[in-house]
Structures are given as structure tokens and as C-alpha cells.
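Residue numbers (this note's numbering): 2 to 177.
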């Protein structure tokens, strides 16, 4: 397999590492719509879904009309899981050094959009469903972000109250 360099190679922070990206993809995806938000630049957007929920901005999920029948029943859900493609994120970093953490971490140990496949997930509150437009609270992406999928959020199946991220808990305890 031949490899290519990162499509956009901005600077790397101390402690970060990047790789050459594969020259081809293995899967085809269908974008099923776009997410409309008030944010056009990364610095404007909430840094994560929790902050997005706290801010309470209502955003619009525009589903491609060909998928309208797939939305049947969505209006009965209080919360949804949105999967979306962070199309403006870097894809070549394998170690990242976020400013708010003391040490670099492997990409797969972080929720950063910077990853080989920049798939993001947010659990959002459904405010209103009308036709192919869903008004939601809780997304943290830029305007026009491609939508990959919508799933109902089942608290009984999706919530894991005792889940932990050890390195994160350790850093928070050290800061206390």
C-alpha cells in the first residue's frame, strides 16, 4: 500500500506525532444530510458536546429528502445520537497534546476530532422535528458538517454510569 503525506500539515505541538496517511480508503460513506450551526470557525464552536448542551444553542439537522421516510418515529425521541464527519479536522496525528492536559495522549484515548477517520458523536436533545429538519441542542461542530447517521438514544442501553477513563481521572485528582 502506498501512503501519502497529510493533506494539511499545520504545526505539531510538542509531544505530538503524525503519520503518513494511506493513499486509499476502504469504505464508502453516504452523507445523509448536513448540520447547521452558528459556528464557522473552530474557536467559535463549543469544545465538546457537554459544553454545547450547557450553552443551549439550537442547531438544525438537515436530512437529505430521500431519507425522509427513515425519520418516521424520530419525533417521539427525547434524545438522539448523531454521528457526523468532522470534514475540516486533521487526520494524521497519532499522538496529541491538548493544551488542557499535562501530557500527550494517543489519538484513540481522546475525544478530539483529529483522528484517522474524523467521526464524531453527540447525544443531542431533540427540540423539534418537522419534515426533514430536526432542531437539536448539543452539537459541537461547524456549520455544514456532513451527517453520517441518526440513532435513538436509549438510556437503558447507552448509559454506562460506572465507565471510567483512568488517565483523565488521575489528572483531575492531581489538579484538585
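Every residue, glycine too, gets a C-beta built ideally from N, C-alpha and C. Fair warning: this is a prediction, and the values are worked out from it, not measured in the lab.
- For residue 177, the number of other beta carbons within 10 angstroms of its own is below 16, and it is reported as exposed.
- Relative to residue 42, the option among 128, 160, 146 and 164 whose CA is nearest is 146.
- A contact is defined here as three or more CB-CB pairs under 8 Å, and the segment 120-140 meets this definition with respect to the segment 66-81.
- Contact between the segment 93-108 and the segment 19-31 is established, with three or more Cβ pairs separated by less than 8 Å.
- In this structure the segment 154-164 does not lie against the segment 47-59, because fewer than three pairs of beta carbons, one per stretch, are closer than 8 Å.
- Ranked by Cα distance from residue 31, the options 85, 16, 47 and 13 are led by 85.
- Restricting attention to beta strand (DSSP E) runs no shorter than 3 residues, the segment 65-89 encloses them at 80-86, ordered along the chain.
- DSSP places residue 150 in no alpha helix (DSSP H) but in the uninterrupted beta strand (DSSP E) bounded by 146-153.
- In the three-state DSSP reduction, residue 92 falls in the coil class, being neither helix nor strand.
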